[in-house]
Amino acid sequence: MNKFERHNELDKTILVSDIHENWQALKKITQLPEFGQDGYTLIFLGDYTDSNGDNLHEPIKVIDFIMDQVEHHGALAIHGNHDDMLYGTALGDSDKFFNWGRNGILGSQERLGLTPNDINIELTKEELNEKYAHYIDFLDRIPYGIEDQQRLFVHAGLDWSKQDYHDTAIEDLIWIREPYLFSSGMKAYLEDPKKRGTVDSVWHRNQTDKVIVTGHTPTFLLTGNSRNPIAAMQHDDSDRVRYDIDGGSHSASIEAALNVLILAKDGSEIRRTRLVA
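Per UniProt numbering, the very first residue in the sequence shown carries number 1; after that it's consecutive.
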């Protein structure tokens, strides 16, 4: 698979991330007036399975919908960290399997019709490849990032220490948080809720010339708002905006939802909305 895919033909984009089995919210994306319209591309930014929430657990419907949209309706999708743990387990990567074990594997296995097990990778590997071969092949084909001239979409963020952001390690593309989000003062910002959403200068400068959209970090951690609204981040007025759109669907929060961000070809924001189960 490619780490990054370039799609220069993209026009307007409909972006959603961190679905985490929340089919009741995701299915409402079909009610958006932009859905299925010419000039709009639906892009999924990762984390399709695993959930800690209540009444959100329908991973098979989520997987089937995403694959259908990508394979038959022109949508695009990338890996998130939770997708990568499942994918790595299917390939026999014990590190990915045991990391998944620390991130909700038993509940996910049960909902996927697999034997709950966080010890024997061979059992889970065999069952995944037997029952979900099409999905494993799908994960094998999708990239970790999508970009065009004005926009860049990854699950978690970039490694700013790299001279070329394309050299960001895959683990960082799907797991990074604070070093991508914040400059100096990030620890105090995270530990003191009073500082959240109030001090623009703590955001790291966007070192690309593109609007960046990520998920991965529930925006409550950035804004202090339990509704997990989309967070727009700029170091200062000259900085190209970065968005975090993780609506908290992985959590048990009653405010958990799916955020949808719609961008124009030049990266400007058209509108944003929320899909609530």
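We put the CB at the ideal spot given by N, CA and C, even for glycine.
Here the structure is a predicted model, which is why all the values come from computation and not from measurement.
Top-ranked residue by Cα proximity to residue i, from the options
i: residue 213; options: 174, 225, 226; result: 174
i: residue 76; options: 105, 96, 44; result: 44
i: residue 158; options: 176, 105, 147; result: 176
i: residue 20; options: 37, 5, 81; result: 81
i: residue 167; options: 145, 149, 181; result: 145
i: residue 139; options: 28, 66, 9, 41; result: 66
i: residue 57; options: 202, 107, 41, 36; result: 107
i: residue 5; options: 164, 153, 90; result: 153
i: residue 90; options: 40, 69, 134; result: 134
i: residue 234; options: 172, 219, 225, 202; result: 202
Residue i: first and last residue of the uninterrupted alpha helix (DSSP H) it sits in
i: residue 83; result: 81-90
Nonlocal neighbours in the same chain, by C-beta distance under 8 Å from residue i, ignoring five residues either side
i: residue 263; result: 12, 13, 15, 151, 211, 213, 269, 270
Residues near residue i in its chain [Cβ-Cβ closer than 6 Å; skip 5 each side]
i: residue 200; result: At residue 200 the pLDDT is 49, less than 50, meaning the model places this residue with poor confidence; the figure from the coordinates comes in the next sentence. The answer is none, since no qualifying residue turns up.
i: residue 70; result: 77
i: residue 28; result: 275
i: residue 87; result: 139
Span of the beta strand (DSSP E), counted from its first residue to its last, around residue i
i: residue 145; result: 145-147
i: residue 14; result: 12-16
i: residue 8; result: Looking at the DSSP string, residue 8 is not in any beta strand (DSSP E), and its letter there is neither H nor E.
Within 8 Å, strictly: CB atoms of residue i and residue j
i: residue 79; j: residue 155; result: yes
i: residue 250; j: residue 99; result: no
i: residue 149; j: residue 8; result: yes
i: residue 228; j: residue 248; result: yes
i: residue 246; j: residue 208; result: no
Beta-carbon proximity list for residue i, same chain, < 7 Å, skipping 5 on both sides
i: residue 276; result: 25, 257
i: residue 169; result: 159
Complete beta strand (DSSP E) runs within the segment 30-65 (minimum length 3 residues, chain order): The segment 30-65 contains these whole beta strand (DSSP E) runs: 40-44.
Whole runs of the alpha helix (DSSP H) within the segment 106-149, excluding any shorter than 4 residues: Listed in chain order, they are 121-131, 133-141.
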